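K.L.:
Reading the sequence shown from the start, the letters are residues 190 to 288 in the numbering used here. Ideal placement from N, C-alpha and C gives every residue a C-beta, glycine not left out. All of these numbers come straight from a predicted model, not from anything done at the bench.
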Amino acid sequence: GAACNLPCPGMVIAQSAGFTGGVCYGHGTCATNPVPACTCFDTYYGSDCYQECPGIVTDGNGRDACSGHGQCHDGSAGNGTCACDVGYAGEDCGKACAL
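(1) Quick check for students: name the residue ranges of the alpha helix (DSSP H) that lie wholly in the segment 216–286, counting only runs of 4 or more.
(2) By Cβ distance, which residues of its chain are closer than 7 Å to threonine 247, with the 5 residues on each side in sequence left out?
(3) Please report the straight-line C-alpha distance between threonine 228 and cysteine 282, rounded to a whole angstrom.
(4) Can you check whether the CB of alanine 272 is closer than 8 Å to the CB of glycine 259?
(5) Can you tell me the Cβ-Cβ gap for glycine 217 and phenylalanine 230, rounded? I've got them flagged as a contact below 8 Å.
Structure, rendered in structure tokens:
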């Protein structure tokens with residue numbers, strides 16, 4: 190906060206040598222004005238960015254949620270649900286449907 194008396198959400202305290210800790214569990218950035226709040230990196234969600242969207246796949250273009258076949262409702266206001274592309278179903282959009 191303005192008086193440095195409010196911690197950012199997801200504050201991780203250093204527990205081992207070489208670990209520097211961080212805010213938002215290392216999955217986002219923290220703004221402190223007007224109150225401490227996280228802005229989550231892609232594929233993470235929740236007020237503290239602790240949770241990860243389902244169906245994470247990594248390829249040459251980076252990381253995608255929902256098995257690469259949908260969009261995750263991510264971000265600090267997200268709930269981690271996938272909206273699957275046409276032809277895919279399931280919690281993580283990993284099931285191909287017969288068309």
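P.N.:
Walking through what the data contain:
(1) none
(2) Residue mapping note: residue 247 aligns to position 58 of the sequence shown, counting from 1. Answer for threonine 247: no residue qualifies.
(3) Numbered from its first residue, the sequence shown carries residue 228 at position 39. Numbered from its first residue, the sequence shown carries residue 282 at position 93. Approximately 25 Å between the Cα atoms of the pair.
(4) Residue numbering aside, residue 259 sits at position 70 when the sequence shown is read from its first letter. Residue numbering aside, residue 272 sits at position 83 when the sequence shown is read from its first letter. Yes, they are a contact pair.
(5) The residue given as residue 217 occupies position 28 in the sequence shown. The residue given as residue 230 occupies position 41 in the sequence shown. Yes, they are in contact, since the Cβ atoms of glycine 217 and phenylalanine 230 sit about 5 Å apart, within 8 Å.
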